[in-house]
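*Asks:* Letter 12 of the sequence shown, counting from 1, is numbered 12 in the UniProt record's numbering, and no numbers are missing.
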Amino acid sequence: MLRLEAANATACFCSRRLLIIYRRCGGVYHGLQGEIFSPQYPKAYPNNAECVWEISVADGYHIGLIFINRFQLEQSQNCAHDYIEVFDFKNDDWLSLGKVCGRDISNSYNSTGKQMKVIFRSNDAVTGDGFTIYSQAQWNANCGGTMTSNKGRLISPGYPNDYARYLKCEYKIIVPEKYIRAEFKDFQLEEGKNRI
Numbered sequence: 001m002l003r004l005e006a007a008n009a010t011a012c013f014c015s016r017r018l019l020i021i022y023r024r025c026g027g028v029y030h031g032l033q034g035e036i037f038s039p040q041y042p043k044a045y046p047n048n049a050e051c052v053w054e055i056s057v058a059d060g061y062h063i064g065l066i067f068i069n070r071f072q073l074e075q076s077q078n079c080a081h082d083y084i085e086v087f088d089f090k091n092d093d094w095l096s097l098g099k100v101c102g103r104d105i106s107n108s109y110n111s112t113g114k115q116m117k118v119i120f121r122s123n124d125a126v127t128g129d130g131f132t133i134y135s136q137a138q139w140n141a142n143c144g145g146t147m148t149s150n151k152g153r154l155i156s157p158g159y160p161n162d163y164a165r166y167l168k169c170e171y172k173i174i175v176p177e178k179y180i181r182a183e184f185k186d187f188q189l190e191e192g193k194n195r196i
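Right, dumping it as structure tokens:
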């Protein structure tokens, strides 16, 4: 592993892939993988911060975001104080995919296209430990979604290559009859850590 450090970012050649680690408060980033950290990481983030990260990938890809390792922002009703809001760029407009605050890291987010935006805001009161966000460009198949046809095929992101780290894909299958038949044509997961 080779790690290159600069004032605002680190480049890591890990497992033959370039992982960009963004330490700056906001910016426009291009790349297949990256990590975004809260301002002043690993220290607590400051009051009155506003950071906007725009992430874009090449045509044909979409973006998956997941919170990893640490996530602790001020808890508030409807995330009115310190929060992260994630946006998808669709039909020439930024559409909110949701806000998170407190210690809620259960959500993962997937873009419909090649652009996403992450906004972090803190108020002038309480601060927290902060956050780490992992972004992964994925080819074609979305991670999760709803299937309503009588027949179909689900493919893990990146198939037939390895799936990305930290994925949480939820698929909903809705059919007119009460029974669903699933047949696995090719199935391989890392033993003991990944599951369906």
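Cβ coordinates follow ideal geometry from the N, Cα and C atoms, glycine included. The structure displayed is predicted, hence computed values, not measured ones.
#1: From the DSSP output, in three-state form, read off N123 for me.
#2: Going by other Cβ atoms of all chains shown within 10 Å of its Cβ, with 16 needed for buried, is H62 buried or exposed?
#3: Pick out whichever of Y179, K178, S135 has its Cα sitting closest to the Cα of L167.
#4: Distance, Cα to Cα, I119 vs Q75?
#5: Would the C-beta of Q33 count as close to the ligand ADP, meaning under 7 Å from any of its heavy atoms?
#6: Helix or strand or just coil, what does DSSP make of Q77?
#7: Rounded to the nearest angstrom, what separates N110 and V28 at their Cα positions?
#8: For L73 and S156, what's the separation of their Cα atoms in angstroms?
*Replies:* Considering the structure as presented:
#1: By 1-based counting over the sequence shown, the position of residue 123 is 123. N123: coil per DSSP, three-state reduction.
#2: Taking the first residue of the sequence shown as position 1, residue 62 is located at position 62. It is buried - the Cβ of H62 has at least 16 other Cβ atoms within 10 Å.
#3: Here the question's residue 167 lines up with position 167 in the sequence shown. Measuring C-alpha to C-alpha distances from L167 to each of Y179, K178, S135 identifies S135 as the nearest.
#4: Walking along the sequence shown from the start, residue 119 turns up at place 119. Walking along the sequence shown from the start, residue 75 turns up at place 75. Rounded to whole angstroms, I119 to Q75 spans 17 Å at the Cα level.
#5: The ligand content of the structure shown is nil, which means the ligand ADP is not present either.
#6: Taking the sequence shown and counting its residues from 1, the one referred to as residue 77 is at position 77. The answer is helix: DSSP assigns Q77 an H, G or I state.
#7: In the sequence shown, the residue the question calls residue 110 occupies position 110. In the sequence shown, the residue the question calls residue 28 occupies position 28. Computed Cα separation, rounded: 18 Å.
#8: As a first step, residue 73 is located in the sequence shown; it is residue number 73 there, counting from the start. As a first step, residue 156 is located in the sequence shown; it is residue number 156 there, counting from the start. Computed Cα separation, rounded: 32 Å.
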